[in-house]
Each structure stands twice: as structure tokens, then as C-alpha cells.
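Take a look at the structure set out below.
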Amino acid sequence: MLKDRSVIVTGSTSGIGLGIARAFAAQGTHVVLNGFGKAEEIEQIRAEIARTHGVKVLYDPADMSKPEQVRGLARLTAEVFGHVDIIVNNAGVQHVAPIESFPDEKWDAIVAINLSSAYHLIKAVVPGMKARGFGRIINVASAHGLTASPFKSAYVAAKHGLIGLSKTVALEVANDGITCNTICPGYVKTPLVEQQIADQAKAHGISPEQVVRDVMLSHQARKAFVQVEELAALAVFLATDQAASMTGSAIAMDGGWTLH
Ligand code: NAD
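Convert by adding 69 to the 1-based position in the sequence shown; the result is the number in this note's numbering.
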């Protein structure tokens, strides 16, 4: 069902995006990797995924904060694979600071990478998806797309915005064989979160273990990090024919965080 389809996963050189890219490759889907990192490490990952799963794997270093590069990513994928069947808008960054001192350039970057890039990529691929009568748009928001925490104004605003964008697109493409859904993870131990653990330990003068227990997982009813593989399996399911009636959903996979 997903064999020989193509998927673009933004921000897939690490963390959740890389897990999603691997999970699609395991289904026989050709993959476009995107994100930053050391060229030789990315090439190793690219070659390893292609070899393990016998699929084509491209890498495009497009900076998701640059609309022209986002459109270039869509163009390259269509040129090489002939079509873009699935996109996963996953690239994201975080910055934690009180509103009064929130750096303007961080606000702009977070909104550009976590929200506007999804708009530009969706806009670029929808015409082709409509023409073929099939498409799957999967956005990675956060529990912070459904609820808020202090000091994360830009992130929470962008993730709420992503869910709004997703619902609107879902309505517009509902009769074209295209679905658009958002996954809302709780805390996942990726490089993005490792950095936050270190930053918060410093800011609060507490140990990394205390940050995990008392700050991060305090809201997650299930006192454990969400696993990348769990999120990847959900993304794959959303791309299948069995998920054709699921659209416009914001699906929490957050260990019960947003139940409060
Ligand atoms: P990560 O830092 O491990 O990975 C982020 C990826 O985005 C990397 O590949 C990075 O190179 C890429 N990226 C960053 N800026 C980019 C840019 N300008 N252009 C292109 N790529 C760029 O982070 P992660 O934890 O895997 O996060 C992935 C997504 O999941 C993000 O949208 C994040 O907000 C969301 N999320 C993460 C968690 C968590 O606990 N880790 C929870 C909820 C939601």
C-alpha cells in the first residue's frame, strides 16, 4: 500500500523525523530526508536506510525557514520520484524565555520553521496530490499545540497554529483523496529535549533527573517519555488506506498529558 510511494519528512536528520523516515522506508516508501547536520553523518544515514530497506533515499538540505528552499524541496522530490504522495511537516525548533525578554529573532525563526514551512510545503504539493487523487499530509505539532506552558510563547503559538492550518487544509482537500492530520507528541527524549533538560537544570539550579521528573514528566500521567517508534508507527498508519476517513484530527500521543 505504501510501497513505491514517496514521502518528504522535514527535519529528518535526527529525532522524531528520522524515526518516521525509517518507518516509511520499512514499508517500501521512497524517502526524502531533510534537516541539518554533518554532511558525512547524513550521507551515512541516507545510505544505510536505502541499503536496509531497498528504497530510494534522497537528502535535501533545504532550510525550512526559507520559503523558496521549501518549494525547492517539493520540486526536487517531484522531479526525482515523479510525484509527492506523503509529506510529514516535522522540522521544529524551540526557545524558552519569558515573554518580556523573548528574543524577536527567536520568535520569527520558530514561527517560520514550526508553522510557515508547513504552509509553504502543503501549498507546493497539494496541486500534484489533487491531480492524482491521493495525498497524505501529516504535521508534527506537540501537546503544546493543545495546551500551554509558560516561557514557550512562540512554540505554543506556532504549534496551535499548525493544528489550525491542518484543520483548514483538511476541509479544503476532503474530496480529493487527501487527508491532513496532526500528531501531538508529549515529551520524547530527542536531541531537542536533551538540550532543554540541560538548559532547565541550569536555569532552575536543579539536577537533570529532577528536570525530567518534576518539570517534564510532571504532566504526563504515564511517567515515561513517548518513544520515537510509537510516533513513527502512527505516522505510517495515517498514510494508509485504512486512515482515509481520519482527517483534520489532532491526535495526542502524550502519555495522558493533555487529559488534565
Ligand atoms: P530534533 O532536534 O531531534 O530534530 C529536529 C530536526 O529539525 C533536525 O533534523 C534538525 O536538523 C531539523 N531542523 C531544525 N531547523 C531546521 C530548519 N531551519 N530547516 C530544516 N530542518 C531543520 O527534534 P525532535 O524532538 O525530533 O523534534 C521533531 C518535531 O517534533 C519538532 O517539530 C518538535 O517541535 C516536535 N516535538 C518534539 C517533542 C519532543 O519531546 N522531542 C515533543 C512534541 C513535539
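C-beta atoms are modelled at their ideal positions from N, C-alpha and C, and glycine is treated no differently.
Please read all numbers here as calculations on a predicted model, not as lab measurements.
Closest residue to residue i among the options (Cα-Cα distance)
| i | options | result |
| --- | --- | --- |
| Arg120 | Glu137, Ala94, Gly204, Met198 | Ala94 |
| Arg140 | Lys107, Ala301, Val195 | Val195 |
| Glu299 | Thr216, Ala92, Gln311, Arg201 | Ala92 |
| Val76 | Val157, Ser186, Lys258 | Val157 |
| Gln138 | Thr98, Thr79, Ala116 | Thr79 |
| Asp245 | Val162, Arg205, Val305, Glu109 | Arg205 |
| Asp73 | His122, Lys107, Gly88, Gly86 | His122 |
| Val149 | Glu112, Lys221, Lys125 | Lys125 |
| His164 | Asp177, His152, Asp154 | Asp177 |
| Val238 | Val225, Val180, His152, Met198 | Met198 |
Cβ-Cβ distance between residue i and residue j below 7 angstroms
| i | j | result |
| --- | --- | --- |
| Gln296 | Gly324 | no |
| Cys253 | Ala212 | yes |
| His189 | Pro136 | yes |
| Thr251 | Met70 | no |
| Gly214 | Ile232 | yes |
| Ala270 | Pro277 | yes |
| Ala187 | Asn159 | no |
Residue i (DSSP reduced to helix, strand or coil)
| i | result |
| --- | --- |
| Val101 | strand |
| Pro254 | strand |
| Asn183 | helix |
| Ser314 | coil |
| Arg282 | helix |
| Asp173 | helix |
| Leu127 | strand |
| Val63 | Any answer about residue 63 is impossible in this case: the structure gives the chain only from 70 up to 329. |
| Gly86 | helix |
| Met70 | coil |
| Met133 | coil |
| Ala36 | The structure shown does not extend to residue 36, since the chain is modelled only from 70 to 329, so the question has no answer here. |
Same chain, Cβ closer than 7 angstroms to residue i, neighbours up to 5 away in sequence not counted
| i | result |
| --- | --- |
| Leu328 | Ala290 |
| Ala243 | Thr316 |
Proximal residues to residue i (C-beta, below 6 angstroms), its chain only, five neighbours per side dropped
| i | result |
| --- | --- |
| Ala193 | Arg140, Ala143 |
| Ala319 | Ile232, Thr251, Cys253 |
beta-carbon residue i near the ligand ADP non-hydrogen atom, thresh 6 angstroms
| i | result |
| --- | --- |
| Thr82 | The ligand content of the structure shown is limited to the ligand NAD, which means the ligand ADP is not among them. |
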